[in-house]
Amino acid sequence: MDMWSIFSTCLVSTWLRRFYIYSAVAFGISIWIVVRFFTTKKKGEKSNGNPAASEGREDKLVNGYATLQAKEVCVAGVKIFYGSQTGTAKRFAKGLAEAVISLNLPVEVISMGDYDPDDCLAEEVGRNMDRWLWMLSASRIMTRAEGDCNVAQSKHGSIEADFEAWKAKFLSRLQALCRGEKKPCSGKCKKGKCKSAGKQSKESRDHDHGASEYEDTEAEELFETSSEEEAADAEETSSVIDVEDLGNIMSHMKKAKRERELEAGDVGTSLTRENTGRKEEGEKREMITLALREALTKQGYKLIGSHSGVKLCRWTKSMLRGRGGCYKHTFYGIESHRCMEATPSLACANKCVFCWRHHTNPVGTAWRWKMDQPEMILQEAIENHQNMIKQFKGVSGVKADRFEEAMTAKHCALSLVGEPIMYPEINRFVKLLHQRSISSFLVTNAQFPDEIRNLEPVTQLYVSVDASTKESLKRIDRPLFKDFWQRFLDSLKALSEKQQRTVYRLTLVKAWNVDELKAYADLISLGKPDFIEVKGVTYCGESSASSLTMANVPWHEEVVRFVQELADLIPDYEIACEHEHSNCLLIAHKKFKINGEWCTWINYGRFQELVQEHERSGGSKTFTAADYTAKTPRWALFGSRERGFDPSDVRYQRKNKARDLSGC
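According to my numbering, the stretch in the sequence shown is residues 326 to 989, in order.
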């Protein structure tokens, strides 16, 4: 009890004097804050006076990244971008990174081939851009002696100009982000000037920023050196280099090499090499580079010559086993096991967000590559297709009669990848198909109106209508042309002039282009297509070139609802067919509903007769889509119990297997 009395007395005394205790604590904290403030300030002044002071720190460069302990710097870090095939520029960038590390700055070394300013830069703004210094670095920009640079074609006249174009795009994008177009800078920069944006060179300011947003796929890797002497030069230049100084450095390196050649007495050899280089520059390059060939081959393409390819469609495999055909079998009577999916041009003028090829194919706005002859392309396409079919001989489940039929291709879907209509000899190629009694289904992305007008009759001509407004088309298709919208409209007008079967192909991307019904109806009235295919987008997995997820894939019921609402806005059309398996429906013009029955199928034999008569008459004898129609079977019609699945086949449900996304 005595102890408790003493303890309680102390507590009461403390409580009565609490004001003095609080005041003492507050005074002590204030003294600590003042001392801490002056200590930090002196340490900062000492660090600014000697930025290289970093005793006791161990900095290591691992996989292009530097990890540092506690430090106080004005610029939080440096990002160095390089482009290389042989590794010389990469070694130079690593050496540059080591020099940056000596200044006590974290550094990140990034390959330009893996970094697109439009796709990657915005993602990093919110994470770590606030006080980073972004730099471009290269030891030397040049092509290999044999002219096999990874740039498909220099867009601005030289590799150096291409580098300046990429640099201008990068810096302007970076400055736009700092201005707040995507996310504003944190405002920690001195005097209101954002250091992260760096300086834009005179060449960059003079460059046309209105140039195409998306250059050739190969143009993402712009730099290359090939000699050991150049590598030595790169390693010697081991200091922090601003973007502004790269031109001077490269000029110095060229001059130094020239002086070495003169000293060695190699003037004649050098002149010969330069003349050869000029001659090689005048020659057109092959579209398919070694890296691209390797990538496409891994994906199952059988490449033909320098710009063509063929691949076995998954629906061909399915119909060989009696498991059903694709939506073109349901809508138009295509025999999927006898269909060859090919293209005479792997290049494309768009970089669509839903491209199932993940943009491994090249892109371009005009044909500027070496060109193979159509006879060779078609012959090798058929041979490669047959060889792929032969691999199914004796495979369990493959029907013998269909295997024999598949050895003779009857249809050709020119929709594999790229833009077939870009191929300068597309008319000759189509004629060769018809001479072999092979039907032609050609797909174009509506960026080449003149080529559409000049196209010879094909069995069915498709135009991809992925959006109905200029803004959404730019966001979804990401076209290369500046005047893409006018080209798009002109292509639809050119389609309306065609007398053979024409199709709009709409790909619905949820939250992207499903709310533009009235605008779609206006485009339909402009192009007056015979048919309108509406298909839900197919998710093809994650890709750095696209932000789509499974959430963007509409359910089949949602596609049906969209089609019904669209059909209400176009009185001359009705819903004709459905293929539930492909999440696809067909809207057809009422002129194909003859005596109350739909005739969306094609009489392929009759088409071959008509096209041969057209060619024999020199084009004077024409024919229309109504001349080679055939009755659509009941099971293919919209609302049927089969929902577009051929009852002569047996539907197979896969279990616990990855989906094969190939096919058209």
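Note that beta-carbon positions come from the ideal geometry of N, C-alpha and C, so glycine has one too.
Contact check, residue i vs residue j, beta carbons under 8 angstroms
| i | j | result |
| --- | --- | --- |
| Phe856 | Thr925 | yes |
| Asn675 | Arg803 | yes |
| Val884 | Leu842 | no |
| Leu739 | Leu780 | no |
| Ala734 | Arg663 | yes |
| His710 | Val635 | yes |
| Thr784 | Phe917 | no |
| Cys677 | Val688 | no |
| Thr832 | Leu786 | no |
| Pro782 | Gln716 | no |
| Asn908 | Gly861 | yes |
| Gly412 | Thr655 | no |
| Ala955 | Asn928 | yes |
| Gly743 | Arg976 | no |
| Ile435 | Leu421 | no |
| Val755 | Thr769 | no |
| Leu851 | Lys799 | no |
| Cys737 | Leu758 | yes |
| Lys853 | Ser821 | yes |
| Lys609 | Lys695 | yes |
| Leu617 | Glu666 | no |
| Asp952 | Gly647 | no |
| Ile801 | Ala846 | no |
| Ser661 | Thr690 | no |
| Trp692 | Met747 | yes |
| Glu899 | His881 | no |
| Lys946 | Glu934 | no |
Boundaries of the alpha helix (DSSP H) in which residue i is found, first to last residue
| i | result |
| --- | --- |
| Lys419 | Thr413 to Ile426 |
| Glu708 | Pro699 to Lys715 |
| Lys860 | Element bounds for Lys860: not the alpha helix (DSSP H) but the beta strand (DSSP E), Phe856 to Gly861. |
| Gly852 | Leu842 to Gly852 |
| His881 | His881 to Leu894 |
| Tyr652 | Tyr652 to Tyr657 |
| Val936 | Tyr929 to Arg941 |
| Arg639 | Arg639 to Leu645 |
| Phe728 | Ala725 to Ala731 |
| Glu619 | Leu615 to Lys623 |
First through last residue of the beta strand (DSSP E) which encompasses residue i
| i | result |
| --- | --- |
| Lys636 | Ser633 to Lys636 |
| Gly408 | Run containing Gly408: none; DSSP gives neither H nor E here. |
| Tyr898 | Tyr898 to His904 |
| Leu671 | Looking at the DSSP string, Leu671 is not in any beta strand (DSSP E), and its letter there is neither H nor E. |
| His736 | His736 to Leu739 |
| Lys627 | Lys627 to Ile629 |
| His914 | Cys909 to His914 |
In DSSP terms, what residue i is bridged to
| i | result |
| --- | --- |
| Thr690 | According to DSSP, which records beta bridges pairwise, Thr690 is partnered with nothing at all. |
| Val434 | Ile405 |
| Trp926 | Ala955 |
| Cys677 | Answer by DSSP bridge pairing: none, since Cys677 is not bridged. |
| Arg830 | Ser789 and Glu858 |
| Ile919 | Glu922 |
| Leu962 | Cys902 |
| Met665 | Cys737 |
| Arg610 | Trp694 |
Cβ shell of residue i (< 8 angstroms), same chain only, five flanking positions each side left out
| i | result |
| --- | --- |
| Leu962 | Ala901, Cys902, Glu903 and Trp923 |
| Asp897 | His914 and Lys915 |
| Phe887 | Leu833, Val839, Leu842, Val859 and Pro879 |
| Val337 | none |
| Glu940 | Lys756 and His759 |
Any non-hydrogen atom of the ligand PLP within 7 angstroms of residue i CB
| i | result |
| --- | --- |
| Ile751 | Within the structure as shown, the ligand PLP is missing, as the structure has no ligands at all. |
Contact set for residue i: own chain, Cβ-Cβ below 7 angstroms, skip 5 residues either direction
| i | result |
| --- | --- |
| Asp697 | Gly630, Ser631, His632 and Ser633 |
| Met732 | Gln711 and Ile714 |
| Ala418 | Ile405, Tyr407, Val434 and Ser462 |
| Phe332 | none |
Cβ-based neighbour list, residue i, same chain, cut-off 6 angstroms, excluding 5 preceding and 5 following
| i | result |
| --- | --- |
| Leu637 | Met713 |
| Lys835 | Asn877 and Pro879 |
| Gly625 | Lys636 |
| Tyr864 | Met875 and Val878 |
Exercise for the section: Ignoring anything shorter than 4 residues or poking outside the region 757 to 827, list the alpha helix (DSSP H) runs there in chain order. Expected result: 774 to 779, 795 to 802 and 809 to 821
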